[in-house]
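Each residue of the sequence shown is one higher than the one before, counting from 3 in my numbering.
Ideal Cβ placement from N, Cα and C applies to all residues, glycine included.
In this text, all values refer to a predicted model and were calculated from it rather than measured experimentally.
In what follows, a single structure is set out as structure tokens and then discussed.
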Amino acid sequence: MRVLHVTLSAARGGRRDAILTLTDHLRQLGVECGLLALRNPYSEMGAVARQVDYYEGLEISGRPTLLELAEVRRVCRNRQVDLIHAHDGGSQYVASALRIAAPRLRAVMTFHRTLGLESAGFRNRLRNRVTLPLIQRVLTATEERRQFFLVESPVSPEKVQVIPLGVDLTTFHPEPSIRATLRQELGLSPDTVLCLGIGHSGAEKGIDQVIDGFALAAARLGDRPWHLALLGGGSPARLAALHQSARDQLGDRVTLAGFRPDISRWLQGADLLVHAPRLEAFGLVVVQAMATGLPVLGMSVGGLPEVVESGVTGRLVPAGDIGALAEGIIALVGDETVRNCMGLAGLRRARERFDAVRSAESHRDLYQDLLTRRSGALE
């Protein structure tokens, strides 16, 4: 079975992590996986090499031309691709166009978006009306995203399927020895409760809400030893503003770590993840945290209630409620027993429901099912 994964951009971030975790585990199941980025030159694609069988990069600036579509078709012919897995609206358009030229190709699309960027508005609805008949399955990571897509898009419910994203449990797992090492590196005492806020600087990820929550909680935490580390990149201007706000409100209680490739190590060494997005489809970092045995304090947004079992694997507070977030910070920073119980429950849940092996098996089975249905060209 040969599958070509197509995405607009292979830039680092949660979506690329999700795609590469999937391709890596599909390959272990005998599925050949390529990755094609429509807006990255080939020279920028080297970072993905270890987790795919091959990669291709184009430099398409807008809607693909006939010549550019022909180039993607050439890749499919040369690599004998059976199925295209699109990962955004732009690659969904490419996949549907290729199926017109090559009806034997199968095609699925994963709807990753937290925003309505690929489903709301006249142009998106028009594109979906034209292309979705040629896409055989639409995949979402949560039931919330599935219902959102069904409301926004002209597609039958049977065509939209939930397959949760998977986490590599060989990378994200408990490693107690890192706790002391990480505190040494940060200049913290061994008993400091280390909290993490992880996400890019965009408003939807809510890092500003994490900062505000800790600022509100700080007075009531008193002299209790705690520290917040903020991880993530983003636009320089937005990042600078967030970091300035963190320094102004939290002083030496905050470490501004920026983008870090070793996210698993930070999760393994921390005591609590505080995740306060304004919009969230799934929350891959939340599952990564749970897989390391870390409890999660989050806002009840999007698909997060399907990932975090509030009161069991973590605690969810109402969206946008900074006061409730601060109360959660005070409660969890102050109670090691509760944190440990939630961390163990989250670890069990991650292993049972979000194992990358299981996710890859579900994708492989879906691919295989579609490939056995060669009858209808526009099925």
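Could you have a look at Thr23 and say whether DSSP puts it in helix, strand or coil? Shown here, Thr23 sits in a helix according to DSSP, grouped into three states.
C-beta contact flag for Leu269 and Ser203 at 7 Å: Contact flag unset, no.
Proximity of Leu233 and Arg262 at Cβ, strictly below 7 Å: Cβ atoms of Leu233 and Arg262: closer than 7 Å.
With a cut-off of 8 Å on the beta carbons, I'd call Ala358 and Asp55 a contact; round off their distance for me. Contact doesn't hold; Cβ gap of about 17 Å is too wide.
Does the beta-carbon of Val132 have 16 or more other beta-carbons within 10 angstroms, so that it is buried, or is it exposed? Val132 counts as exposed, since fewer than 16 other C-beta atoms from the protein chains shown sit within 10 angstroms of its C-beta.
Local conformation of Glu363 per DSSP, three classes: If DSSP states are grouped into helix, strand and coil, Glu363 belongs with the helices.
Ser312 to Leu318 span [Cα, whole Å]: Distance from the CA of Ser312 to the CA of Leu318, rounded to the nearest whole angstrom, comes to 5 Å.
Between which two residues does the beta strand (DSSP E) holding Met301 run? Note, Met301: beta strand (DSSP E), 298-301.
With DSSP run on the structure shown, which of helix, strand or coil describes Val169? Here DSSP, grouped into helix, strand and coil, assigns Val169 to strand.
Assign Leu380 to one of two classes, buried (16 or more other C-beta atoms within 10 Å of its C-beta) or exposed (fewer than that). Residue confidence for Leu380 is low, a pLDDT of 44 falling below 50, so the modelled location carries little weight; the figure read from the coordinates is stated next. When all chains shown are included, Leu380 counts as exposed.
Residue closest to Val8, alpha-carbon to alpha-carbon, out of Pro105, Asp210, Met47: If we check each option's Cα against that of Val8, Met47 comes out closest.
Mapping DSSP to helix, strand and coil, what is Arg262? In the structure shown, the three-state DSSP call for Arg262 is coil.
Whole-number beta carbon distance between Leu71 and Ala109, since they are thought to touch under 8 Å: With a Cβ gap of about 14 Å, Ala109 and Leu71 do not count as contacting.
Can you give me the start and stop residues for the alpha helix (DSSP H) that Arg181 sits inside? Segment 179-188, the alpha helix (DSSP H) holding Arg181.
Tell me the rounded alpha-carbon separation between Val164 and Glu73. Going by the C-alpha atoms only, they are around 32 Å apart.
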